[in-house]
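**Q** The structure's right below; bear with me while I get my questions together.
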Amino acid sequence: MNPETRYRYDALGRRTRKATYGRHTGHTARSRTDFVWEGFRLLQENVQQQGWRTYLYDAEQPYTPVASVTGRGESRQVWYYHTDVTGTPQEVTAADGTLVWAGYIRGFGENAADISNSGAYFHQPLRLPGQYFDDETGLHYNLFRYYAPECGRFVSQDPIGLAGGINLYSYAPNPLSYIDPLGLCKKFAGKGSPAERARNYRSTGHVGGKRNIATTNYNINGQTGTADALSGMNTNNSPFLHTPADGSRKFTTFEVGHDRAFDSEVKIFEHIANKFPTTAKGRIDLYSELKVCPSCSEVITQFKAMYPNIEVNVTWGG
């Protein structure tokens, strides 16, 4: 018989194994890869008789790989990923800077060429954020669906129906601005100005009308990043910041019509304050859809007093 690849999934729909059987292997797999997950994000793959690979991701962009660690027996090696604005890998280098993989990945994820300066094959299956290339089919595994990169569309209808958009097979209108790491619905890639990001979050239709969106670009101690938040208690879905735990809060709030401890601006400044020392230097540009309330203004004042060397610029509306 021709080679046959079989896939195994867990109760959450995550693929946990793929195994290929050849003409003469019978019930014994010719090759097998087992997958380990961290939530809905690929954490590790274990390839039969070849070793394992663990993926490390950007703290601010959770589907952007920054490095991987491979091992077999006592051997360990670290590889570094260089991505585009959406988090799609473009190059991988060894610890000494040697280029071990470079892809020519077109807008909708098709890889037109593999390049290596090391002279050896390097396993690099990551494509658009959340996607894993299967060489046996040419498709990308995108968690809840499979994706055909040559036509930029999914091969099956969206399992959440019209909640994911009016076109049940489309990936995103612009793959340089939007990603779909779960294979369910597009989300803004998180780049651009704070105001632009807020407008894109709002345009997806997945943010409640009574929730305020606040977005931030920062450059602190030479580290650039984004911090975006949604007002309310149960608004912790990526890419929005989690509500800070009571014991870790650094700033005090007060009621303005209602409790303001879960306002989006508060979440942002709590996040940054828990990330950097008070001696930090830099700049924060914050945008809020709504005018900053008196309680949040007081939090900003407290932040400035605690971080005198960080410039804070706030705009809203418009």
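Here the UniProt record's numbering is used: position 2 in the sequence shown is 2, and no number is missing along the way. Every residue gets a Cβ at the ideal spot worked out from N, C-alpha and C, and that includes glycine.
To the nearest whole angstrom, what separates the beta carbons of N221 and K281, a pair I think is in contact under 8 Å?
**A** Yes, N221 and K281 are in contact; Cβ-Cβ is about 6 Å, under 8 Å.
**Q** Answer yes or no: do V299 and F251 have a C-beta to C-beta separation smaller than 8 Å?
**A** Cβ distance < 8 Å, so V299 and F251 count as in contact.
**Q** What is the DSSP secondary structure of N221, reduced to helix, strand or coil?
**A** Of the three classes helix, strand and coil, the one that applies to N221 here is coil, per DSSP.
**Q** Taking just the CA atoms, how far does C151 sit from L12?
**A** Roughly 28 Å between the two C-alpha positions.
**Q** Count the other CB atoms within 10 Å of the CB of G71; is the residue buried (16 or more) or exposed (fewer)?
**A** The residue in question, G71, is exposed, as its Cβ has fewer than 16 Cβ neighbours within 10 Å.
**Q** Who are the Cβ neighbours of E270 in its own chain at under 7 Å, not counting the five residues just before and after it?
**A** Around E270: P244, R249, K250, F251.
**Q** In three-state terms, what does DSSP make of H140?
**A** Note: H140 maps to strand in three-state DSSP.
**Q** Can you say whether P277 is buried or exposed, counting buried as having 16 or more other CB atoms within 10 angstroms of its CB?
**A** By the 10 Å Cβ count, P277 comes out exposed.
**Q** Between which two residues does the beta strand (DSSP E) holding N46 run?
**A** Start and end: 41-47.
**Q** Can you name, in chain order, every residue of its own chain whose Cβ lies under 7 Å from the Cβ of P125, other than the five neighbours on each side?
**A** Hits under 7 Å: Y132, F133.
**Q** On the DSSP bridge assignment, give the partners of Y21 in chain order.
**A** Bridge partners of Y21: E4.
**Q** Helix or strand or just coil, what does DSSP make of D96?
**A** D96: coil per DSSP, three-state reduction.
**Q** For Q50, name the three-state secondary structure that DSSP assigns.
**A** Q50: coil per DSSP, three-state reduction.
**Q** From the DSSP output, in three-state form, read off Y171 for me.
**A** In the structure shown, Y171 sits in coil (DSSP, three-state: anything other than H, G, I, E or B).
**Q** If distances are taken between C-alpha atoms only, which option among C185, N219, V312 comes closest to R145?
**A** When each option's Cα is compared against that of R145, the closest is C185.
**Q** According to DSSP, simplified to helix, strand and coil, what is T301?
**A** Of the three classes helix, strand and coil, the one that applies to T301 here is helix, per DSSP.
**Q** For R295, which of helix, strand or coil comes out of DSSP?
**A** A small correction: the amino acid at residue 295 is Ser; Arg does not occupy that position in the sequence shown. Helix at S295.
**Q** Straight-line CA distance for R8 to L182?
**A** Those two C-alpha atoms are separated by around 18 Å.
**Q** Hey, could you find the ends of the alpha helix (DSSP H) residue 324 is sitting in?
**A** Because the chain is modelled from 1 through 318, residue 324 falls outside the range shown and cannot be assessed.
**Q** Distance, Cα to Cα, residue 320 vs P62?
**A** Lying outside 1 to 318, the shown extent of the chain, residue 320 is not represented and no answer is given.
**Q** Identify, in the order they occur along the chain, each residue of the same chain with its Cβ nearer than 8 Å to the Cβ of S31, setting aside the five sequence neighbours on each side.
**A** Excluding positions up to five away in sequence, the list reads A19, T20, V47, Q48.
**Q** Please classify A273: does DSSP put it in a helix, a strand, or coil?
**A** Residue state, collapsed to three classes: helix.
**Q** Rounded to the nearest angstrom, how far is the Cβ of I160 from that of P129, given a contact under 8 Å?
**A** The pair is not a contact, with the Cβ atoms about 18 Å apart (cut-off 8 Å).
**Q** Go through its chain and collect everything with a Cβ distance to G311's Cβ below 8 Å, but skip five positions before and after it.
**A** The amino acid occupying residue 311 in the given sequence is Glu; Gly does not appear at that position. Correct list, in chain order: G282, R283, I284.
**Q** Identify every residue that forms a DSSP beta bridge with residue 320.
**A** Nothing in the structure corresponds to residue 320, since the chain is present only between 1 and 318.
**Q** State the beta-bridge partners of V36 as determined by DSSP.
**A** Answer is Q44.
**Q** Applying the 10 Å Cβ sphere with the 16-neighbour rule, what's the burial state of R260?
**A** With 16 or more other Cβ atoms within 10 Å, it is buried.
**Q** Would you decide whether Y121 is buried or exposed? Buried here means 16 or more other CB atoms lie within 10 Å of its CB.
**A** Burial call: exposed.
**Q** How many whole angstroms separate the CB atoms of Y171 and F154, which I take to be in contact at a CB cut-off of 8 Å?
**A** Confirmed, Cβ separation roughly 7 Å.
**Q** How long is the line joining the alpha carbons of R197 and G257, rounded to whole angstroms?
**A** Each residue's alpha carbon lies about 28 Å from the other.
**Q** Sorted by chain position, which residues of the same chain lie with C-beta nearer than 8 Å to E289's C-beta, five sequence neighbours on each side aside?
**A** Closer than 8 Å at the Cβ level, and outside the excluded window around E289, lie A198, R202, N212, I213, A214, W316, G317.
**Q** Use the C-beta contact count for A227: other C-beta atoms within 10 angstroms, 16 or more gives buried, fewer gives exposed.
**A** Counting Cβ neighbours within 10 Å, A227 comes out buried, since at least 16 surround it.
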